[in-house]
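Numbering (this note's numbering), first residue to last: 4 to 423.
This report concerns only the one structure given below.
Next up, the structure:
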């Protein structure tokens with residue numbers, strides 16, 4: 004009997020040890036997964052949490068579209084309504100088609116960094132102290148205006164140690180963005196977390212309060228990689244952003260940790276492009292990458308840009324080098340490797356915004372909107388300097404030419420336009 008009891012005790016103890024081992028292994032595995040996310044490793048794997056719902060931001064919606072939606076909903080909920088409303092349904096669809104053929108203009112600026120001295124110009128002279136009225140009107144005329152926000156909108160936090168340049172300005176200066184007509188910004192860059200996670204959270208709040216969308220960063224990984232959609236003229240324009248330049252891996256967003264969406268390995272961004280393309284008509288990817296002050300893109304930039312377009316992107320916009328880099332087309336889709344600085348420093352000199360015009364059934368038209376940022380306020384580039392700037396942009400680009408209005412033309416095979 005004693006032997007039996009001893010055997011039972013031994014088996015029970017063994018089972019208990021196995022259960023404890025499995026529990027410890029489970030906890031260790033969970034902790035390891037969390038650590039990998041903070042290091043950006045899990046960007047290559049499928050997320051196990053339920054994704055946030057993609058947001059839809061409607062800049063303008065006509066009464067006819069509202070009526071059209073109402074008719075469809077009523078038709079689906081009430082049997083026999085479709086036949087009674089057939090004529091009106093057709094009329095509304097015709098109106099919708101006409102609306103979709105309207106050209107929609109998307110305007111992209113490079114790096115914006117509101118520093119104390121720029122805030123001083125704004126305090127003294129309003130938005131006219133930052134950009135001229137003519138340039139501001141050009142921005143306001145765009146249907147959708149996007150830029151790279153390379154600073155934190157906060158008064159909290161401490162500057163990151165051992166970082167040469169760190170940027171933060173009080174949240175109320177978000178009014179500069181609203182005065183410029185900026186609809187959406189990317190926060191995926193190497194400065195949005197200069198003052199820590201609290202400052203980044205303040206940036207989210209300031210932008211939300213101003214009605215400005217943001218991509219490329221968030222309160223967690225799901226939010227950081229989130230697609231934002233702006234509906235304009237009946238067309239859904241989607242925006243994604245990621246950075247390939249962060250100072251430390253801790254800047255990666257985690258499951259419950261604010262941070263960036265990064266693209267050192269392109270697979271996570273490619274996956275979001277593939278999913279996002281199902282939800283919008285036009286998809287733009289804004290990426291922070293490259294080497295500072297280099298006029299030409301790195302090979303990885305060219306490779307990734309093509310991968311993004313192969314995955315479904317309709318345009319790729321770049322920033323970070325602080326100078327303009329070349330432009331090219333791949334499969335008929337525009338790539339602007341770097342838009343350089345916009346509102347940043349007088350050392351910026353001459354640069355350009357990148358304008359895309361879209362209408363249904365037509366190729367996207369691209370155009371440069373040149374400016375002179377050698378002093379504040381930033382102004383449109385003088386007419387006599389435009390020709391030299393356009394020839395320079397042709398020189399550093401790939402298979403494109405630029406006419407006197409800044410319109411960009413290309414050849415399908417990416418050979419120089421004048422080459423037979």
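Where a beta carbon is used, it is the ideal one built from N, C-alpha and C, also for glycine.
Keep in mind it's a predicted model, so treat the numbers as computed, not measured.
Host alpha helix (DSSP H) of residue i (start-end)
i, result
"residue 308", "302 to 314"
"residue 336", "Premise fails: residue 336 lies in the beta strand (DSSP E), 336 to 339, not in any alpha helix (DSSP H)."
"residue 138", "136 to 144"
Local Cβ density within 10 Å of residue i, reported as buried at 16 or more and exposed below that
i, result
"residue 129", "exposed"
"residue 166", "exposed"
"residue 194", "buried"
"residue 304", "buried"
"residue 217", "buried"
"residue 120", "exposed"
"residue 405", "buried"
"residue 252", "exposed"
"residue 205", "buried"
Best match in the options for proximity to residue i [C-alpha to C-alpha]
i, options, result
"residue 177", "399, 208, 356, 144", "208"
"residue 192", "406, 371, 221, 135", "221"
"residue 268", "310, 237, 253, 180", "310"
"residue 203", "144, 153, 333", "153"
"residue 223", "407, 254, 365", "254"
"residue 324", "301, 313, 306, 318", "301"
"residue 172", "226, 116, 151", "116"
"residue 240", "382, 365, 279", "279"
"residue 105", "214, 235, 206", "235"
"residue 125", "179, 170, 155", "179"
"residue 392", "378, 400, 373", "373"
"residue 395", "363, 338, 364, 330", "330"
Extent of the continuous beta strand (DSSP E) to which residue i belongs
i, result
"residue 395", "Looking at the DSSP string, residue 395 is not in any beta strand (DSSP E); the run it does join, the alpha helix (DSSP H), is 386 to 399."
"residue 106", "Element bounds for residue 106: n/a, residue is neither H nor E."
"residue 355", "352 to 361"
"residue 296", "Looking at the DSSP string, residue 296 is not in any beta strand (DSSP E), and its letter there is neither H nor E."
"residue 151", "147 to 152"
"residue 130", "Where residue 130 is concerned, there is no enclosing beta strand (DSSP E), given that its DSSP letter is neither H nor E."
"residue 346", "344 to 346"
"residue 275", "Note, residue 275: premise wrong, no beta strand (DSSP E); alpha helix (DSSP H) at 270 to 279."
"residue 373", "368 to 376"
"residue 332", "330 to 333"
Pairwise C-alpha distance: residue j and residue i
i, j, result
"residue 185", "residue 357", "14 Å"
"residue 108", "residue 336", "16 Å"
"residue 277", "residue 360", "23 Å"
"residue 293", "residue 351", "17 Å"
"residue 322", "residue 328", "9 Å"
"residue 376", "residue 144", "20 Å"
"residue 368", "residue 344", "23 Å"
"residue 346", "residue 133", "8 Å"
"residue 353", "residue 384", "7 Å"
"residue 85", "residue 299", "Confidence in residue 85 is poor, its pLDDT being 29 and thus under 50, which makes the residue's placement unreliable; the coordinate value appears in the next sentence. Their backbone Cα atoms lie some 57 Å apart in a straight line."
"residue 242", "residue 142", "18 Å"
"residue 319", "residue 164", "33 Å"
"residue 426", "residue 189", "With the chain represented from 4 up to 423, any question about residue 426 goes unanswered, as that position is not in the structure."
"residue 409", "residue 287", "21 Å"
What are the uninterrupted segments assigned as beta strand (DSSP E) that are 3 or more residues long and contained completely in the region 156 to 237, given in chain order? 187 to 189, 216 to 218, 231 to 235
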